[in-house]
Ligand SMILES: Nc1ncnc2c1ncn2[C@@H]1O[C@H](COP(=O)(O)OP(=O)(O)OP(=O)(O)O)[C@@H](O)[C@H]1O
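Listed below in C-alpha cells is the structure:
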C-alpha cells in the first residue's frame, strides 16, 4: 500500500494499516493486559445492567395482562407488588451500572498509561535517524491524540458494544417468547439496514485512517512552525507559513468532511428503520391480536418497548462502531511506533516494547575497560537509508588520550562519522572499536557513561543551569558543580549570572546567549566525566572575550581524555595531535598540522589558506554584475 504523501518518508512501521480490525484490537489488548484483568466481573455487571432493562416491558406486560385487562376491577395489590419488585430490580441494576463504569474507567486509564509510556519510551529507543525522518510532530500525535482516541473508545465504547450486543440478544429472546412472528418481523426490518451499515462502516474506517494521518501531519507542521518561528519571521515568510498551515488544516477538514458523509447516511438510515419497524410491529401486532388471539394487549405494548430496546442498541452500536473505527485507526498508528524496530539495540538487554521488560544481555556484550580509551575504525562504510554510500571504507586508529581534529568540506561525512563513533546509528559494514571492543557489543550503560557527544548546539532543557548540568550526572551536588565550573575556568562567569547555578535558562536555553549555552553544554559534558569526547565544534560566532572563555573551557574538558573534534576552525586542528582530512567520505590526508599545512595541492593546506584569509579579513571578490 502506498503511504500517504505527507508521511511517505516515514521510517515508522505502517504495515498495520492493512491489518484487520480484530487483529489490531487483539494486539492492542495484549500490550495492555490491565484491561483484561478482572474483565469477567465487569462483564457480569454488564449482563446485570442489561438484563435489568428488560424489567420495564415485562412489568408493563404483567400489569396490563394480569392486573388490568380481564380483571373485574384493577388488582391494586398485584399492580403495587409488581411495581415494587420492578423498582427493587432497577435499583440493583443501577448499582451494578455504577460499579461497572467505575471498573471500566479505572482499567482503561491504567491501560492507556501503559500504552502511552511504552510508545513514548520506544520513540527514545528509535535511532536519531528514524526520529528525524518521521516528523516529530507526527510522533507526538501518535503518543497523544491517537492514544486519546483509543482511550475514549476503551473507557466507554468498547464495553458499550458488548452491552449493546447483549441487549439485542436479550430483547430478541423476550420478543420471541411473546410472539415469534413479530420477533422475526423486527429482525427482517433491520437486516437490510445492518447489511447497508456494514458497507458504510468499511468506508468510514478507511476514511478515518486518512483523518488520523492528516492530523499527524498537521501537528507536525504546527510544531515545526513554532520551533522555527524566529527563522520564519527573520525571512518574512510568515505569509507562506500561514498558507502551509492553512493547507494542512484544510486537509484535515476535508478528510473529516469525507467521514461525515457516510456517517450521516448511516445515522439517518438507522433512525428511519427504527420508526418503520415500530409502525410495522403495531400494525401486524394489532392484526395478530384481533384476528388470531396470538398476542395479548400487554404483550403488544411490551413489544413496542422491546422494539426500542432492540433498536436503541443497534443505533448506538452503529455510533459506537464509528468510534471504534476511529479508535482502531489510532491504535494502529500507536502500534506502528511500537512495532518499529529499534535499529540501534542495547546489547546489555534491549527493552521489549511489547512487554516493557528488559530482555537478556547479548552473550558477547562487554562493558568498556577502565582507563583511557582508544579508537580503531576498520573499513567503515555507511549509507543513509535509500541513499548512496557517504563513507567509503575508512580505516583510522586513535591511541588513548589523543586529540584528533576531523577536517573537511561541508558534506564530506564528518558528522556521519561522529554519529557512528558514538553509536547513534550502526554502520552499513565495517567496525568501530572503542577500548578494543566493537561498539555494538558495549552495553548502553557503559557506552553512554564513558563516551559523550557534545553537539554544535547543545540542547538545554527548561529549568535552571544546575538542572541542565545534572543531565550529565543526576546526583551532582552544588559543590561538585561549582568545582567543575572552576576547573573549566567558568567560576567567575557563573557567579556573575543573576542567580548563579539557579539561573533559569528557559525552553531550549533561550534565556542565554549562544556562547553561554555552549558553556553550559561543555560543563554538562565535563560533569559526566567521560573518557572519550566527540565534540562537534560550534560554528556560531561569539565575541572575542567569550571565545577565549569558550576555548579555555574546551581545553579543560579535553584535558587527559581522548577527544575527536569536528573542527570548523582550523586553530583547533593546529593544536590537535592529529588532523584527519575527510573528502567525499574518504580519509585523504592525516598527520600533524605542521605536516599537512604545506603539502602542495593538499586539501588541508587549501582549507587552511581559506580560513586564514577569512580570519584576516582578505576582501572577498565582488560579485560581477
Ligand atoms: N539524515 C540524512 N539522510 C540522508 N543523507 C544524509 C543525512 N545526513 C547527512 N546526509 C548526507 O551524508 C553526507 C555527509 O553528511 P555529513 O553531515 O556527515 O557531512 P559533514 O561533513 O558533517 O557536513 P557539515 O560540515 O556541513 O556538517 C552528505 O552528502 C549528506 O547529504
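Numbering (the UniProt record's numbering), first residue to last: 1 to 625.
From the three backbone atoms N, C-alpha and C, an ideal C-beta is built for every residue, glycine too.
Counting only runs that start and end inside the segment 565–624, the alpha helix (DSSP H) elements of at least 4 residues fall at 570–575, 593–596 and 603–615. Around the beta carbon of residue 331, 16 or more other beta carbons sit within 10 angstroms, so the residue counts as buried. With respect to the C-alpha of residue 570, the residue from 590, 612 and 561 having the closest C-alpha is 612. Per the CB criterion, closer than 5 Å to any heavy atom of ligand 1, the qualifying residues run in chain order as 384, 387, 390, 410, 411, 412, 413, 414, 415 and 416. Looking at 575, 253 and 367, the one whose alpha-carbon comes closest to that of residue 444 is 367. Only buried fits residue 151, as 16 or more other CB atoms lie within 10 angstroms of its CB. Distance between residue 236 and residue 229, taken at the CA atoms: about 10 Å.
Distance from the CA of residue 51 to the CA of residue 302, rounded to the nearest whole angstrom, comes to 15 Å.
Between the segment 455–464 and the segment 505–521 there are three or more inter-stretch CB-CB distances shorter than 8 Å, so the stretches are counted as touching. Taking 8 Å as the cut-off, the Cβ atoms of residue 364 and residue 441 count as close. In terms of CA proximity to residue 527, 472 leads the group 555, 477 and 472. Taking 8 Å as the cut-off, the beta carbon of residue 208 is found closer than this to the beta carbon of residue 259. For residue 145, the enclosing alpha helix (DSSP H) has its first and last residue at 145–152. Ranked by Cα distance from residue 140, the first of 153, 159 and 119 is 119. With respect to the 8 Å criterion, residue 103 and residue 38 are classified as neighbours on the basis of their beta carbons.
Going by C-alpha positions, residue 468 is about 27 Å away from residue 434. Here residue 190 is buried, its C-beta having at least 16 other C-beta atoms within 10 Å.
Here DSSP, grouped into helix, strand and coil, assigns residue 424 to coil. The shortest CA-to-CA distance from residue 320 to any of 201, 436 and 426 is the one to 201.
Residue state for residue 141 is assigned as helix, using DSSP reduced to three classes.
When the Cα atoms are used, residue 408 and residue 221 turn out to be separated by approximately 34 Å. Every unbroken stretch of the beta strand (DSSP E) spanning 3 or more residues and falling wholly within the segment 505–555 is given here in chain order: 532–536. Excluding its 5 nearest sequence neighbours in each direction, residue 560 has C-beta neighbours in its own chain below 7 Å: 401, listed in chain order. Approximately 6 Å separates the beta-carbon atoms of residue 580 and residue 396; this is inside 8 Å, confirming the contact. Excluding five sequence positions before and after residue 63, the CB atoms of its chain that fall closer than 6 Å to its own CB belong to 79 and 82, given in chain order.
Residue 193 and residue 213 have their alpha carbons spaced roughly 30 Å apart.
Per DSSP, residue 453 lies in no alpha helix (DSSP H) segment; the continuous beta strand (DSSP E) that holds it begins and ends at 451–454.
Below 8 Å, enough C-beta pairs join the segment 406–426 and the segment 582–596 to call them touching: three or more.
Between residue 504 and residue 464 the beta-carbon gap is near 6 Å, inside 8 Å, which marks them as a contact. Bridge pairing for residue 408: 582 [DSSP].
Taking residue 482 as the centre and dropping the five residues before and after it, the same chain places the C-beta of 491, 494 and 501 closer than 8 Å to its C-beta, in chain order. In the three-state DSSP reduction, residue 396 falls in the strand class (E or B). Between the alpha carbons of residue 188 and residue 281 lies a distance of about 11 Å.
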